[in-house]
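Start counting the sequence shown at 0; every next residue gets the next number (numbering that gives the first Met the number 0). The next block holds one structure in the form of structure tokens; read it before the comments.
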Amino acid sequence: MNAPRFCQYCGNAMEPDWQFCEHCGGQPAVPESSPPPDNDATVFRPPVVVPPAPAPRPAPVATPAPRSAPIYAQPVQSVQAASKSPKKWLLPVGIGCIVLTCLCVCAGAGFLLISNLNTGSESMPPTPISEIAPAPTNAPLQPSDTPQAPLSPDPTEAPAPTADIPPTPWPTAEDQLTGNQSRSDTAIFDDFFSSKALGWSEYDDGTTIIQYENETYSFQVIEAEYYDWAYAPVDFWPNAIQFDVWGLPGTQKGTFGVMCQYQDADNYYYVEIDLSTREFVMSVNRAGEHTPLTFPDQNGQYWLIADPLTVSPDEANRIDLLCYQDYMVLVINEALVWHADIPDPFPNPGDIALFVYAYPYAGPQGYKVYFDNVGVQHSEE
């Protein structure tokens with residue numbers, strides 16, 4: 000017979016085959032050879048630090064209910080069972096509600112249609128768009144130091160473009176390129192306009208005079224409050240132009256600029272420059288409405304100072320303009336002046352042209368500028 004065993008922590012008797020004390024959970028048990036405690040001896044006290052009993056295993060986590068079903072404090076299985084066996088009467092009731100709603104909507108629409116037909120001309124007209132959201136004013140955008148004049152005449156007063164006149168043909172044996180004149184499939188360059196080989200238009204109707212003059216391309220608009228333009232003589236879609244430009248000494252009586260991505264007389268982008276005030280504006284003409292791409296200054300003027308322009312208007316300025324369908328960049332005398340994204344750009348490419356505008360006070364000689372060293376290219380973005 001085996002000697003009784005006792006727990007060394009709590010002193011209680013243990014069965015011979017116990018691996019742990021079932022009274023306190025202690026381990027190891029007192030060896031089999033250990034004698035039972037004497038009743039008269041000092042009572043055994045367990046140590047201060049008693050190993051805790053093993054924690055019970057947590058219950059398994061229940062599978063969450065589907066996202067489409069609310070989570071209730073109930074077994075998941077019951078939620079799933081309910082979702083698989085809906086009330087059979089819900090489907091026909093739902094279909095009936097939908098059909099009834101459609102009938103009500105159709106009846107109401109029919110009633111309104113019959114009412115409108117009966118009232119005829121007595122019904123109130125719709126509110127004009129101009130009363131809901133007034134159209135933007137077309138106030139002229141002008142340099143602050145010059146008399147107010149429109150950027151261009153009304154569309155009904157627009158002159159016929161000079162480029163309607165057939166341009167000079169391509170070079171012939173009698174009229175070859177001279178100097179640094181050049182032409183390629185994507186670019187032309189005219190250094191001194193020393194010949195007419197590139198085909199820049201010439202025009203003189205008493206209102207506009209465009210001609211080769213002293214190895215320059217002079218552009219004069221004689222009629223006050225009038226403008227005209229001449230296309231670049233190219234057979235590709237141009238989106239870049241560079242040129243030197245200057246005016247006569249003294250106060251300038253007009254402006255000049257570039258039209259680009261030209262679609263027609265009411266749809267194009269442009270940059271306009273005033274050499275007297277050393278100001279410029281960048282804008283879009285869409286359906287005859289001018290939308291500036293420059294930001295207004297503190298006085299609300301969209302004409303901005305272009306510091307790189309020369310102080311004397313009769314000194315040459317180098318103008319570089321990139322004019323993509325969705326982006327424009329203006330550089331004057333090798334200094335970046337302005338760049339802007341084009342909102343709602345034209346879907347198709349257009350032509351490029353030089354233009355001149357004479358102010359209302361231009362006088363009998365109008366306004367005249369000179370262009371030289373003109374280059375026109377199709378540039379990849």
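A virtual CB, placed ideally from N, CA and C, is assigned to each residue, including glycine. Bear in mind the structure is a predicted one, so any value in this text is a computation, not a measurement.
Bridge partner(s) assigned by DSSP for F345: The partner list for F345 (beta bridge, DSSP) is empty, contrary to what the question assumes.
Cut-off 7 Å between Cβ atoms - residues of its own chain near W215, not counting five sequence neighbours on either side: In the sequence as displayed, the identity of residue 215 is Thr instead of Trp. Contacts found: F192, Y369, F370 and D371.
Which listed residue (C9, C23, F5 and L197) has its alpha carbon closest to that of P15: F5
Three-way DSSP call (helix, strand, coil) for A361 in this model: coil
Inter-residue spacing [alpha-carbon to alpha-carbon] between A148 and E224: Confidence in A148 is poor, its pLDDT being 40 and thus under 50, which makes the residue's placement too unreliable to answer from.
N-terminal and C-terminal residue of the beta strand (DSSP E) that E214 is part of: Element bounds for E214: n/a, residue is neither H nor E.
Rounded straight-line distance, which links the Cα of E333 to that of R317: 7 Å
For K367, the nearest candidate out of A12, Y8 and Q219 (CA to CA): Q219
Helix, strand or coil at I304 according to DSSP, with G and I counted as helix: strand
Validate contact between the stretch 347-362 and the stretch 254-265 using beta carbons, cut 8 Å, 3 pairs: yes
Chain-order list of residues whose beta-carbon lies under 8 Å from that of V280 (same chain, five-residue window excluded): L140, L150, V270, E271, P291, T293, Y301, W302 and L303
Separation of I221 from G362, as counted between CA atoms: 8 Å
Contact check, D189 vs T207, beta carbons under 8 Å: no
Between the CA atoms of L274 and V328 - distance to the nearest angstrom: 19 Å
Which listed residue (N179, R182, I187 and L320) has its alpha carbon closest to that of V375: I187
Option nearest A315 by Cα separation, candidates F345, N347 and P248: P248
Contained beta strand (DSSP E) runs [length at least 3] in the stretch 234-319, N- to C-terminal order: 239-246, 253-263, 266-273, 278-285 and 288-291
Between the CA atoms of D296 and D343 - distance to the nearest angstrom: 24 Å
Simplified DSSP state of T126, which is helix, strand or coil: Confidence in T126 is poor, its pLDDT being 32 and thus under 50, which makes the residue's placement unreliable; the coordinate value appears in the next sentence. T126: coil per DSSP, three-state reduction.
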